[in-house]
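Take the position in the sequence shown, starting the count at 1, then add 20; the result is the number in my numbering.
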Amino acid sequence: MKKPNLLKLSALSVALTASMNTYAAQVFTTDLIIQGSACVGLDCVNGESFNFDTLRLKENNLRIKAQDTSASASFPTNDWQITFNDSGNGGQNKFSIDDIDGGRTPFTIEASAPSHSLYVNDGGRIGVGTSAPVVEMHIVNGDSPTLRLEQDGSSGFTPQKWDVAGNETNFFIRDATNGSPLPFRIRPSAPQNSFYIDTDGDIGMGTESPSANLHLLQTSTGVKQMLLLENNGGSYITFKNNNNAGSWYFTHENNAPNDFLISKNNSAAAMRLSESGDMTISGTLTTAGTACSGGCDLVFSDSYPLPSIEEHATEMWKNSFLPAVGQTIENSPFNITQKLGGMLNELEKAHIYIEQLHKRIEALETR
């Protein structure tokens, strides 16, 4: 029998051992320090050109996983992973942080995202589209930077989208679910305190100190339209007392003759005013103030300086009007209250004169 060549077997053993060591995992039980650059991955090559890279991952599936092996229930154990691009054909080019245990990806940056898409400066301010945020959240865009608030229906509520945006035309809120109307807008250069809600709910327009539920303030010294109610049909204002006192309506009539009406509880108009100035009221008219300052009923007092019939007639014909009524110029406005008080005064004096004349007639008839 031929004896084996021990020298050849020894060389083969060394070669096999070296080959196995080439692919076997190496375990370091002490600290590992690399004073240079490291490349990890199946596509790393001998003579890798690192440039300024300190650590390079190089292959077609790139992941960095943090796997927590804590065994005690009181210690956190969640595993995390940094993922570079999807592994499947047609997947995303992205950088993601994955919650492995939760099966979620809370953070992703897609390839080609603009510079400064998310920027946190040294003051903790967040820039979106800017590297120089000047407030806590600073969003920069070339056309109408926008914040969207979207309720997606995942909690059982009706989906709804709202946009808050601003541009050179206005700051606005947009209802992005229902045809994108703009229910709220503020134009550039709107004055201070254009719309102010106080701590008690009072609303000020032009004032930061509203003294009523709605307080409108303008400082113009000229005539200023302060309130405009506009509609393609009639319009009205309701004053309602919830304590069973009913409602009063100030109405611009919808149909011809389009009068101004005041009514209560949808009943017939208590007052109607036409555009020509004609007024109709359904009740009585009571006046107060100086309606009878000329002496209503005082003519019957002994201290009243009642002129004689002759004196009264002289003054009446001299001035061409009743003394207590005063002059009434044709086709000119006059004070109804003053005129009615004066007419009552003249009527009472006339009855006194009638009574005086009646006595004279009786005296003549008894002769």
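Backbone N, C-alpha and C fix where the C-beta goes; we use that ideal spot for every residue, glycine too.
Note that this is a predicted model, so its numbers are computed, not measured.
### Query
What is the DSSP secondary structure of Ile372, counted as helix, strand or coil?
Translated into the one-based positions of the sequence shown, residue 372 becomes position 352. Here Ile372 sits in helix by DSSP.
### Query
What residues match up with Ser283 in a beta bridge as DSSP calls it?
Mapped onto the sequence shown, residue 283 falls at position 263. Bridge partners of Ser283: Tyr269.
### Sequence-distant residues of the same chain with beta carbon closer than 7 Å to Thr74, five excluded per side
Counted from its first residue, the sequence shown places residue 74 at position 54. If we look at Thr74 and ignore the five residues flanking it on each side, its Cβ neighbours are Ser57.
### Message
For Ala290 and Lys284, what's the separation of their Cα atoms in angstroms?
### Response
Counting from one through the sequence shown, the residue named residue 290 turns up at place 270. Counting from one through the sequence shown, the residue named residue 284 turns up at place 264. Between Ala290 and Lys284, the C-alpha separation is close to 8 Å.
### Message
Residues in the same chain with beta-carbon distance under 7 Å from Pro165, minus the five sequence neighbours each way, listed in chain order, please.
### Response
Position 145 of the sequence shown, counted from the start, is the residue given in the question as residue 165. Closer than 7 Å at the Cβ level, and outside the excluded window around Pro165, lie Ile159, Ala185, Gly186.
### Where Asp279 falls, given that 16 or more other Cβ within 10 Å makes a residue buried
Locating residue 279 in the sequence shown gives position 259, where the first residue counts as 1. Classification of Asp279: buried, given that the 10 Å Cβ count is 16 or more.
### Query
Grouping DSSP H, G and I as helix and E and B as strand, with all else coil, what is Val47?
Within the sequence shown, residue 47 is the residue found at index 27, counting from 1. Residue state, collapsed to three classes: coil.
### Task
Have a look at Thr89 and Gly111 and give me their C-alpha separation to the nearest angstrom.
Reading the sequence shown from its first residue, position 69 is the one you call residue 89. Reading the sequence shown from its first residue, position 91 is the one you call residue 111. For Thr89 and Gly111, the distance between alpha carbons rounds to 31 Å.
### Query
At which residue ranges does the segment 63 to 104 contain complete beta strand (DSSP E) runs of 3 or more residues, listed in the order of the chain?
75 to 77, 82 to 86, 100 to 104
### Task
Report yes if the CB atom of Asn81 is closer than 8 Å to the CB atom of Ser107, and no otherwise.
To locate residue 81, count along the sequence shown from 1; it is residue 61. To locate residue 107, count along the sequence shown from 1; it is residue 87. Their beta carbons are under 8 Å apart, which means Asn81 touches Ser107 by this criterion.
### Query
Are the CB atoms of Ile223 and Tyr216 nearer to each other than 8 Å?
Residue numbering aside, residue 223 sits at position 203 when the sequence shown is read from its first letter. Residue numbering aside, residue 216 sits at position 196 when the sequence shown is read from its first letter. Yes, Cβ-Cβ distance for Ile223 and Tyr216 is below 8 Å.
### Query
Which same chain residues, not among the five before or five after Asn274, have their C-beta less than 6 Å away from its C-beta?
Working through the sequence shown from its first residue, we reach residue 274 at position 254. Excluding residues within five positions, the ones whose Cβ falls inside 6 Å are Gly253, Gly254.
### Message
Assess contact between the segment 317 to 335 and the segment 369 to 379, defined as three or more Cβ pairs (one per stretch) separated by less than 8 Å. Is contact present?
### Response
yes
### Query
Helix, strand or coil for Met299 per DSSP?
Taking the sequence shown and counting its residues from 1, the one referred to as residue 299 is at position 279. It is a strand residue.
### Query
Just the Cα atoms here: how many angstroms apart are Phe191 and Met225?
For the purposes of this step, residue 191 is taken as the residue at position 171 of the sequence shown. For the purposes of this step, residue 225 is taken as the residue at position 205 of the sequence shown. Near 18 Å, if we compare the C-alpha coordinates of Met225 and Phe191.
### Query
Closest to Ile129 by CA distance: which of Ser151, Tyr139, Pro343 is it?
In the sequence shown, counting from the first residue as 1, residue 129 sits at position 109. Nearest C-alpha to Ile129: Tyr139.
### Query
Roughly how many angstroms separate the alpha carbons of Lys359 and Thr189, rounded to a whole number?
By one-based count along the sequence shown, residue 359 stands at place 339. By one-based count along the sequence shown, residue 189 stands at place 169. Approximately 58 Å, taken between the alpha carbons.
### Message
Only counting the same chain, and skipping five residues up and downstream in sequence, which positions put a Cβ closer than 6 Å to that of Lys369?
### Response
Residue numbering aside, residue 369 sits at position 349 when the sequence shown is read from its first letter. Cβ within range, chain order: Val319.
### Message
Can you find the residues in the same chain that come closer than 6 Å, C-beta to C-beta, to Leu364, ignoring five residues on each side of it along the sequence?
### Response
To locate residue 364, count along the sequence shown from 1; it is residue 344. Same-chain partners within the cutoff: Cys316.
### Message
Measuring only the C-alpha atoms, how far is Pro277 from Asp322?
### Response
Translated into positions along the sequence shown, residue 277 becomes position 257. Translated into positions along the sequence shown, residue 322 becomes position 302. Cα-Cα distance, rounded: 53 Å.
### Query
For the candidate residues Ala93, His272, Ser69, whose alpha-carbon lies nearest to that of Thr248?
In the sequence shown, the residue the question calls residue 248 occupies position 228. At residue 248 the sequence reads Leu, which differs from the Thr that was named. Ranking Ala93, His272, Ser69 by Cα distance to Leu248 puts His272 first.
### Task
Give the secondary structure of Glu330 by DSSP, where H, G and I count as helix, E and B as strand, and everything else as coil.
Walking along the sequence shown from the start, residue 330 turns up at place 310. Helix.
### Query
How big is the Cα-Cα spacing for Pro353 and Leu305?
Numbered from its first residue, the sequence shown carries residue 353 at position 333. Numbered from its first residue, the sequence shown carries residue 305 at position 285. Cα-Cα distance, rounded: 18 Å.
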